[in-house]
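*Asks:*
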């Protein structure tokens, strides 16, 4: 449907090509021929086996009239279905037993508020059977014949399933009607891929299995035989004209995507419905959003990932349920699935964008900061400019909302904005840019001949038509009333749109276009006539309507029966904004001959190849700010990396603190723009005072310094389909702690952004995966084993960490990207534990088309290996600007370098910053994440402080690893590992021995022992284990702590902070040996001198005991193996005996099937019993 031109990323929709190609493999003649062969073979076999009478009876049975439903399913197929395997058979309307069974489904009422379906498909539900399967090297083609009609109108009688093995990691499964053409989306244009050399063995990452006799298939990962998608014998497969349904089992609950919705990062699978039908409404929970992206990414238990995309643009519901399972319900088109095998999350997104189109490469200036608001005069616009520049806040682009238009009509200029072209010229002179808004709706009630956008469109028949053939008229912003909508699927709309945009660009030389209201939005439902034209009811009110806002499809949009070049609006509604973006991108490319900036509100799969996106009319709340992180990383997964939210919120008034924190976060949106509504006060940084100014300025200067890194990430996205902003699990897919982190995100692989998202906070908890992390500000290193850290976050500062192993190209920042590009470059080098790091820089003129195709760019790779930094110039074809590397910062240097050489020549102009403490980053080994050791005493002393008073002396061995801890007051050696035993420190075996001062040693639990531990070559094993306590076995807990009484009567304690399995051996010397199979040796010594002092010092480190409630100190009663009646009898007889007690306990007897958080029917009176206990001041546990 599109022709690629010489312009980068520009495509022309071509209308002469039918939107649905004839498929040569599964056409009607093929089906008839196959059916004939099938019937002939069947008859011959029957003749051979049976007599003629039997043949006739069998044929009569096999081909009985299937216009009626099966008899109601046998109860045995219903009773075996557990709740989580119940797939809803009655998704619309109120069901009862009779109506349910008419659908050949099972009826089992549940509790009133239960989300479990009452009417569900049986385990043997089927309405199609297989009639033929053919298999070739890279294809499977199967035909199916209907055996029973459903309650939905016009069931498709014959289906074809075509399975194409397209690449080693990409598989396509297409199910459609081979006899009648059905609608398929004309774009994005998916490349047709097949394995090239048919003589070579077929290598793929997947296996496909078909159901024996139904329409069902399973996709398996070949490496581990994991079934990632299984639609065999599950749910109720239905394929009617306006209702298509398919369900499948999934391998885990770790699923992401299915946008655009206001959702958590990891999607809710508790019977949750996600509706896909583009709609204009401020984002809220449980409603269809501005865009449709029926794509998900799922993490498997192994840590591998895969993705699934349903290429269908019709309105649909996708339901997730706890099984885990997914159900697709779409009201048109076909089922056209693409499977991407990963195995990493990044691989999945690259494979997905291979299919829908790689993201476009934005102009460099678009990565600067943008300012906009709705409800401004030109004077107010200029005031914002002046005060922002005076405050020294970096920014690049000033935007205009619809205020600049005359009567709010596209391509007009209000009398109040006659000097706007002069202002735009001024912006260009100072290296800045300008963007205007365009709505797709064209005013239809201007005087004839006075408004070319309407006159030209009407003359050429380019507006969407109602079912009677006249332009459909709705109402949007146009003040004179009446709005018509260009049909951007019509190839003639290209020239029309180029003319309108070009003519207006001659008046107002804008740099980019912001296309809004393109779901399309409409202030009336359908059109002024209410879509009452002939034969429109099927489209306006289909038998099944997905869960759309307003309850009907034409709510606040145009009629579904409206006609467009590519088909009914019923089919192409979700493509309207996408088609406008394609056309607008092409028009700007022609007019400006440079990379176009198009930002679209409405979206569909593939939008990122042509345009960016902002998340719409969000609210000025802390919750909406937090939600923006999920929105942004999800759109990166959808192949739309140039994405942002309105900084400080669009609807409602912001606050100073909220806007301060949001300005910090917004500086790290890939697309960074502050924008708000006409009903609110100004929220540009200067308008809100010093705190917001400082926050915005500080964060944006960091952004501008990192623009070379950010721009290089967009280049990687453009060429390799990678994400720019990404969730942590993209980099750490084997760390399930990252799977639901939605309050932190990464730029690329290296920069971790952890904004403050709650009110009145000056610190926050962040999760650092197992890696080396350097603080951006202090340069201090954290060696994390995958733990949560509390970090400082001053009111004007956003926490940032740089990941070890990476090199980030930077540039001295200025207040515009134009000025910044003239400054010198630098490198931020963050070594990993091997003292290695890698990075890259992509650099071009930042604006020209086709730089990648024409090779007009520079690509430089950087590599640190121990103490040597190398750069490799891959491509060096851009020389219009000097690229000077002036500053190199290397983190993690422990000792001041003696000399530095550059290209073999000694270089003395360097400094070593000893004030920024760097911890040893050589080794990273596991440390227990808790208890959090209280180190306040250590922090209270300064290094080399001679005033420190200690009870202990430490002496090191002269040779080897050994030390002695000595009590200062009497020179008693408490612990001496010098020259004793065999010290070993390997990866999975660490051993240390030490002499002790006496045999009076206590602790080392949990074991069945004497109070004074046996030191006669006794081994105490620390590895938590469930077993009845007995001598010489490891117990329920591990406490590698001992207290020792010295001969003087003084006491001391020793704690090894290590959670790995270990043996501790006591021998008569007296001596102790530690043998541990992981982690590190981390000893704490407590000098006492009394036993009580030792315990106090120990609990000061590990945490003080909790204060129990008073009632818990009373007497408690419990037993395992009681009925509820026994339970009550115990209570009664104990009370009658006058025995003091406080608390009655229940063992697992009270549970249903011994499952947590359930209540057995035998204990249904337990809540009432507990309430009675509380009345008499007893406690229940």
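Residue numbers (full-length UniProt numbering): 1 to 1181. Cβ coordinates follow ideal geometry from the N, Cα and C atoms, glycine included.
1) So for residue 859, helix, strand or coil by DSSP?
2) Report the three-state DSSP secondary structure of residue 1167 (helix, strand or coil).
3) State the start and end residues of the unbroken beta strand (DSSP E) segment that holds residue 1052.
4) Do you know offhand how far residue 605's Cα is from residue 638's?
5) Can you say whether residue 1182 is buried or exposed, counting buried as having 16 or more other CB atoms within 10 angstroms of its CB?
6) Return the chain-ordered list of same chain residues with a C-beta closer than 7 Å to the C-beta of residue 700, the five sequence neighbours on each side being excluded.
7) Say whether the stretch 243-260 touches the stretch 318-330, bearing in mind that this needs 3 or more beta-carbon pairs closer than 8 Å, one atom from each stretch.
8) For residue 579, which option in 562, 611 and 472 has the closest C-alpha, if you only look at C-alpha atoms?
9) Taking residue 843 as the reference, which of 161, 708 and 213 has the closest Cα?
10) Can we say the stretch 228-243 touches the stretch 120-128, given the rule of at least three CB pairs closer than 8 Å?
11) Kindly provide the ranges of any beta strand (DSSP E) runs that are 3 or more residues long and lie completely inside the stretch 349-388, ordered along the chain.
12) With DSSP as the reference, identify every bridge partner of residue 119, one or two as the case may be.
13) Opposite residue 226 in the DSSP bridges: which residues?
14) Going by DSSP, name the residue or residues bridged to residue 963.
15) Is the Cβ-Cβ distance between residue 799 and residue 848 less than 7 Å?
16) Compute the distance between the beta-carbons of residue 462 and residue 499, then report whether it is under 7 Å.
17) Let's test the definition: count the other Cβ atoms within 10 Å of the Cβ of residue 522 and tell me whether it reaches 16, buried, or not, exposed.
18) Looking at the strands, I want to know which residues DSSP matches up with residue 161.
19) Give the DSSP bridge partners of residue 598, in chain order.
20) Identify every run of the beta strand (DSSP E) within the stretch 466-535, keeping only runs that are complete inside it and at least 3 residues long; order them along the chain.
21) Would DSSP call residue 152 helix, strand or coil?
22) Give the secondary structure of residue 803 by DSSP, where H, G and I count as helix, E and B as strand, and everything else as coil.
23) Just to confirm, is the Cβ distance from residue 318 to residue 274 under 7 Å?
24) Looking only at its chain, what residues have a beta carbon closer than 6 Å to the beta carbon of residue 307, apart from the 5 residues adjacent to it on each side?
25) Going by C-alpha distance, which of 444, 867 and 420 is nearest residue 434?
26) Taking the straight line between their C-alpha atoms, what separation do you get for residue 423 and residue 414?
27) Is the beta carbon of residue 1124 closer than 7 Å to that of residue 1141?
28) Does residue 578 have its Cβ less than 7 Å from a Cβ in chain D?
29) With 16 other CB atoms within 10 Å as the buried threshold, where does residue 748 fall?
30) Excluding five sequence neighbours on each side, which residues of the same chain lie with their C-beta closer than 6 Å to the C-beta of residue 525?
31) Could you tell me the alpha carbon to alpha carbon distance between residue 490 and residue 563, rounded to whole angstroms?
32) Can you name, in chain order, every residue of its own chain whose Cβ lies under 6 Å from the Cβ of residue 366, other than the five neighbours on each side?
33) In the DSSP output, what is residue 644 paired with across the bridge?
34) Residue 813: which of 316, 822, 427 and 374 sits nearest, CA to CA?
35) Comparing alpha-carbon positions, which option in 649, 725, 716 and 809 lies nearest residue 705?
36) Ignore the nearest five residues each way along the sequence and tell me which others in residue 694's own chain have a CB closer than 6 Å to its CB.
*Replies:* Judging by the given coordinates:
1) In the chain shown, residue 859 corresponds to position 859, counting from 1. The answer is strand: DSSP assigns residue 859 an E or B state.
2) Stepping through the chain shown from its first residue, residue 1167 is reached at position 1167. Residue 1167: helix per DSSP, three-state reduction.
3) Residue mapping note: residue 1052 aligns to position 1052 of the chain shown, counting from 1. Per DSSP, the unbroken beta strand (DSSP E) holding residue 1052 starts and ends at 1051-1056.
4) The sequence position of residue 605 within the chain shown is 605, counting from 1. The sequence position of residue 638 within the chain shown is 638, counting from 1. Spanning the two alpha carbons is a distance of roughly 7 Å.
5) As shown, the chain starts at 1 and ends at 1181. That puts residue 1182 outside it, with no answer to give.
6) Counted from its first residue, the chain shown places residue 700 at position 700. In the same chain as residue 700, and ignoring 5 residues on each side of it, the C-beta atoms closer than 7 Å to its own belong to 369, 393, 394 and 667, in chain order.
7) Taking a contact to require three or more Cβ pairs closer than 8 Å, the stretch 243-260 and the stretch 318-330 qualify as touching.
8) Here the question's residue 579 lines up with position 579 in the chain shown. Among 562, 611 and 472, the Cα nearest to that of residue 579 is on 611.
9) Position 843 of the chain shown, counted from the first residue, corresponds to residue 843. Comparing Cα-Cα distances from residue 843 to each of 161, 708 and 213, the minimum goes to 708.
10) Because the criterion of three Cβ pairs below 8 Å is met, the stretch 228-243 and the stretch 120-128 touch.
11) Unbroken beta strand (DSSP E) stretches of 3 residues or longer found wholly inside the stretch 349-388: 369-371, given in chain order.
12) Here residue 119 refers to the residue found at position 119 when the chain shown is read from its first residue. Residue 119 has 107 as its beta-bridge partners, per DSSP.
13) Within the chain shown, residue 226 is the residue found at index 226, counting from 1. Looking at the DSSP output, residue 226 shares a beta bridge with 221.
14) The residue you call residue 963 lines up with position 963 of the chain shown. Partner residues in the beta bridge of residue 963, as assigned by DSSP, are 956.
15) As a first step, residue 799 is located in the chain shown; it is residue number 799 there, counting from the start. As a first step, residue 848 is located in the chain shown; it is residue number 848 there, counting from the start. Contact: no.
16) Mapped onto the chain shown, residue 462 falls at position 462. Mapped onto the chain shown, residue 499 falls at position 499. Contact flag unset, no.
17) Here the question's residue 522 lines up with position 522 in the chain shown. It is buried - the Cβ of residue 522 has at least 16 other Cβ atoms within 10 Å.
18) For the purposes of this step, residue 161 is taken as residue 161 along the chain shown, with counting starting at 1. In the DSSP output, where bridge partners are listed per residue, residue 161 has 142 and 175.
19) Here residue 598 refers to the residue found at position 598 when the chain shown is read from its first residue. Beta-bridge pairing links residue 598 to 513.
20) Fully contained in the stretch 466-535 are the following beta strand (DSSP E) runs of length 3 or more, in chain order: 512-515.
21) In the chain shown, residue 152 corresponds to position 152, counting from 1. For residue 152, the secondary structure class from DSSP, reduced to helix, strand or coil, is coil.
22) Position 803 of the chain shown holds residue 803. DSSP places residue 803 in strand when its eight states are reduced to three.
23) Along the chain shown, one-based indexing puts residue 318 at 318. Along the chain shown, one-based indexing puts residue 274 at 274. Yes.
24) Within the chain shown, numbered from 1, the residue matching residue 307 stands at position 307. Answer for residue 307: 297, 340, 348 and 352, listed in chain order.
25) As a working note, residue 434 is residue 434 in the chain shown. Closest in alpha carbon position to residue 434, among 444, 867 and 420, is 420.
26) To locate residue 423, count along the chain shown from 1; it is residue 423. To locate residue 414, count along the chain shown from 1; it is residue 414. Cα to Cα, the separation comes out at about 14 Å.
27) If you number the chain shown from 1, residue 1141 lands on position 1141. If you number the chain shown from 1, residue 1124 lands on position 1124. Their beta carbons are not under 7 Å apart, which means residue 1141 does not touch residue 1124 by this criterion.
28) Although the question refers to chain D, the structure presented lacks it and comprises just one protein chain.
29) Looking up residue 748 in the chain shown gives position 748. Buried: at least 16 other Cβ atoms inside 10 Å.
30) Indexing the chain shown from 1 puts residue 525 at position 525. Cβ within range, chain order: 554 and 555.
31) Numbered from its first residue, the chain shown carries residue 490 at position 490. Numbered from its first residue, the chain shown carries residue 563 at position 563. When only Cα atoms are considered, residue 490 and residue 563 end up about 11 Å apart.
32) For this step, residue 366 is matched to residue 366 along the chain shown. Counting only Cβ-Cβ distances below 6 Å, and skipping sequence neighbours, we find 597.
33) Stepping through the chain shown from its first residue, residue 644 is reached at position 644. According to DSSP, which records beta bridges pairwise, residue 644 is partnered with 614.
34) The residue labelled residue 813 in the question sits at position 813 within the chain shown. The shortest Cα separation from residue 813 among 316, 822, 427 and 374 belongs to 822.
35) Within the chain shown, numbered from 1, the residue matching residue 705 stands at position 705. The candidate whose alpha carbon is nearest that of residue 705 is 809.
36) Residue numbering aside, residue 694 sits at position 694 when the chain shown is read from its first letter. Taken in chain order, the residues that qualify are 796.
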